[in-house]
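S.K.: In terms of our numbering, the sequence shown opens at residue 14 and continues consecutively.
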Amino acid sequence: MLSGDIQTLPEGRRELRRVSHTPRRDQEPQRKSRKKLQVIICVLLVELCERFTFFGIVCNMILFCTVKLGYDNYLAATVNLCFVGASTLTPVLVGWFAETCLGRSKVLYLCAFLHFFGTAMLPVVAFPFEDFYIDTHHMTHQLEPREQQILFYTGLLAAALGIGGIRAILCPMGAYSLQGYNQHQLLSFFNWFYWLVNLNSTVVFLGIAYIQQSVGQNLGFLIPFTSVLLALIAIHMMRNKLTYKPKKGGSLLTTLGVFLNSLKMCCLRYRHLSGDVASWLDRAKENNGGRYSETHVENVKVLAKLFPLYGLQLLYRACITQIPSGYYIQTMNSNLHLNNLLLPIGAMNIISILPLLLLAPLIECVTTCYLSMEKTPLAPAKLITLGHTCATLSVLVAGLSELQRKSYPLVEQTLSGKVLRVSSMPCFQLAPQYVLLGLAEALVTPACSLISFQLIPNHIRGISLHFLTLSYGGGCFLGAFIIQLLHFTSGGNFYPNTLHDGNLERFFFLLAVLMAINTMVFWSVSYRYIDLSVQGKALTTSPLTEKLLHYKATLRFYDTMHQASIDSIL
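#1: Exposed or buried, what is residue 292 when buried is set at 16 or more other beta-carbons lying within 10 Å of its beta-carbon?
#2: Please determine if the stretch 380-398 and the stretch 507-517 are in contact, where contact requires at least 3 C-beta pairs separated by less than 8 Å.
#3: Between which two residues does the beta strand (DSSP E) carrying residue 298 extend?
#4: Is residue 558 buried or exposed, if buried means 16 or more other CB atoms sit within 10 Å of its CB?
#5: Within its chain, find whatever has a CB closer than 8 Å to the CB of residue 523; leave out the 5 residues flanking it on each side and keep chain order.
#6: So which of 109, 180, 138, 86 has the shortest CA-CA distance to residue 101?
#7: With distances taken Cα to Cα, identify the nearest neighbour of residue 334 among 131, 298, 540, 521.
#8: How would you label residue 382, buried or exposed, when you count the other beta carbons within 10 angstroms and need 16 or more for buried?
#9: Between which residues of its own chain and residue 460 is the CB-CB distance below 6 Å, once the five residues before and five after are set aside?
#10: Report yes or no: do three or more beta-carbon pairs, one from the stretch 210-218 and one from the stretch 347-362, lie closer than 8 Å?
#11: Give a yes or no on whether the C-beta atoms belonging to residue 342 and residue 349 are separated by under 8 Å.
#12: Give a yes or no on contact between the stretch 291-309 and the stretch 370-381, applying the rule of three or more CB pairs nearer than 8 Å.
#13: Just to confirm, is the Cβ distance from residue 588 to residue 104 under 8 Å?
#14: Look at the alpha carbon of residue 426 and the alpha carbon of residue 464, and state the distance between them as a whole number of angstroms.
#15: For residue 479, collect the residues of the same chain with a Cβ closer than 7 Å to its Cβ; drop the 5 residues on either side in sequence, then sort them by chain order.
#16: Specify, as a first and last residue, the run of the alpha helix (DSSP H) that residue 162 falls within.
#17: Which of helix, strand or coil does DSSP assign to residue 305?
#18: Is it the case that the Cβ atoms of residue 403 and residue 328 are separated by a distance below 8 Å?
#19: What span of residues does the beta strand (DSSP E) with residue 539 cover, start to end?
#20: Contact defined as beta carbons within less than 8 Å: I believe residue 347 pairs with residue 75. What is the distance between those atoms, to the nearest angstrom?
#21: Contact defined as beta carbons within less than 8 Å: I believe residue 294 pairs with residue 310. What is the distance between those atoms, to the nearest angstrom?
#22: For residue 431, list the residues DSSP reports as bridge partners.
#23: Within 10 Å of its beta-carbon, does residue 501 have 16 or more other beta-carbons around it, so buried, or fewer, so exposed?
#24: Go through its chain and collect everything with a Cβ distance to residue 320's Cβ below 7 Å, but skip five positions before and after it.
#25: Based on the DSSP output, what are the partners of residue 350 in its beta bridges?
#26: Ordered along the chain, which non-local residues of its own chain (more than five positions away) have a Cβ less than 8 Å from that of residue 83?
#27: Check whether the Cβ atoms of residue 410 and residue 446 sit closer than 8 Å, and answer yes or no.
#28: Which same chain residues, not among the five before or five after residue 536, have their C-beta less than 7 Å away from its C-beta?
#29: Pull up the distance between the alpha-carbon of residue 89 and that of residue 78, whole angstroms please.
#30: What distance in whole Å lies between the Cβ atoms of residue 366 and residue 451, which are believed to be in contact at a cut-off of 8 Å?
#31: Are there 16 or more other CB atoms within 10 angstroms of the CB of residue 116, so buried, or fewer, so exposed?
#32: Spatial neighbours of residue 107 within its chain, please: CB distance less than 6 Å, with the 5 preceding and 5 following residues excluded, ordered by chain position.
#33: Leaving out five residues on either side along the sequence, give the residues of the same chain with a beta carbon under 6 Å from the beta carbon of residue 594.
#34: Spatial neighbours of residue 539 within its chain, please: CB distance less than 8 Å, with the 5 preceding and 5 following residues excluded, ordered by chain position.
#35: Looking only at its own chain, which residues have a Cβ that is under 7 Å from the Cβ of residue 432, when we skip the five neighbours before and after it?
#36: For residue 376, which of 162, 198, 62 has the nearest alpha-carbon?
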């Protein structure tokens, strides 16, 4: 802005001098860099608090459900997996709701409140009412089991919705400005991104797991409540600068609509009106009697190349979720004592995280050496195949370890104030299955993100990452469904409440067979994702232009029309 200022000259005359209040040009880069640094710090702070909250809730949920709420093992594992799956899916759903219905700012405040409300409900359920809520008549006021369950599930649902809103609006993948990176730079980014996420997980599993198990579960559930306060402070500090508005480029509803319209056109008699088409998805185009434009259908055809990748991640994710469910129950029923020290169950998850923390720098060094020698590093599709193989071996080893664990005599062990009869086998003998599953995650997750990002045009990369997220969340629900199905079909034998009375190893062996088939299927289709140098191209020319160009080439071939007349049309 420019403003006038009256200055008195020595001769007594007055002159209107314009004084500029615009900032100096040399200060602009400093302000922009300072603002960018503040945004980065706040994003990292929110990311840290959100992850801390999430892992704090998941860390010992199975122990809380079995010891405090009295759930069976299969039901506690199902609740845990459903919460993880809901927290994974809600960023996609809440992001769509924010873009189409309520607006990003309002949704952000709503999700922050839900996050606060949900993490406040969990300490209410876990709080020892019998120690504090005693009236003058020395009557203990306890929550009824039904009231406990209502508060517990309400808190989990609110926390899952809140986590989804924070991830979708404040910490989306698009906020990291990955445009213009080559394949190796993108793989390096995804490796280090997931390395930081798992470093945060390490701190959480060591700290919160010990507090929840040894000090008191009520205090452990107060830690997520405290971390969400830190997240709310970060949102309040930079609420206008942390929100990232993604670029427009289609939506999940449009993509699903193209598939449904194509199926409808293939099933109905209208398919005879459109004639032969190159792909069944082309029947959704307007010029073939469908409802969608040429551009929308061509974008969906580009995305369809990745659908085998997304589908084959479902069973893999169901296998990976055995760490917070099946492996956790197996560890809980093993000997946790080390030199008279009771180890937290969540500490075993550190063993699965160690390969992730060690492999990312190793992959970075190996890739740098290959590039310096002008050699091509291992393709991401091959890394995914190796990761799926490691996951298969992990559940196979888990089944063998369960047979060995059951051969040890039973001993008494106290967890959260309850005496349990567990196997005397040291829990560290379960380490190989944790290491293999951690190695699989270190190989698969960054490679899948790279393929989903690299093979898709810039303006629809967000949709591609959304489908990858949906496959991750769907894998959690698939794992819960498999647990429920096998429990009821086997009469509780495959996922028993008392492990010595059942055959949990058969559950692991069956999962290993399914995962082996899944790995072979992915290996057979992995050739589609070997070459990432050619990105998918969306439609840039209209069908009318293509027909005119074809007509122009035909006329020139037969030399029946002057070149200038055709060029004037095009």
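Even for Gly, the Cβ is constructed at its ideal location relative to N, Cα and C.
M.R.: To lay it out plainly:
#1: exposed
#2: no
#3: Unbroken run through residue 298: none, as it is neither H nor E.
#4: Unreliable positioning characterises residue 558 in this predicted model, as indicated by a pLDDT of 47, which lies under 50. The coordinate reading is nonetheless provided below. Result: exposed.
#5: 499, 507
#6: 180
#7: 521
#8: exposed
#9: By the criterion of a C-beta distance shorter than 6 Å, residue 460 is surrounded in its chain by 393, 396, 397, once the five residues flanking it on both sides are discounted.
#10: yes
#11: no
#12: no
#13: Missing from the structure shown is residue 588; the chain here goes from 14 to 583 and no further.
#14: Using only the alpha carbons, I get a separation of about 47 Å.
#15: 105, 265
#16: 158-182
#17: strand
#18: no
#19: Here residue 539 belongs to no beta strand (DSSP E), and DSSP marks it neither H nor E.
#20: About 14 Å; that fails the 8 Å criterion.
#21: About 6 Å separates the CB atoms of residue 294 and residue 310; that is less than 8 Å, so the two are in contact.
#22: Answer is 428.
#23: exposed
#24: So no residue of the chain qualifies.
#25: Bridge partners of residue 350: 355.
#26: For residue 83, same chain residues with a beta-carbon under 8 Å away, outside a window of 5 residues either side, are 158 in chain order.
#27: yes
#28: 398
#29: 6 Å
#30: 6 Å
#31: exposed
#32: 177, 178, 181.
#33: Residue 594 lies beyond the residue range present for the chain, which begins at 14 and ends at 583; the question has no answer from this structure.
#34: 394, 395, 397, 398
#35: 425
#36: 198
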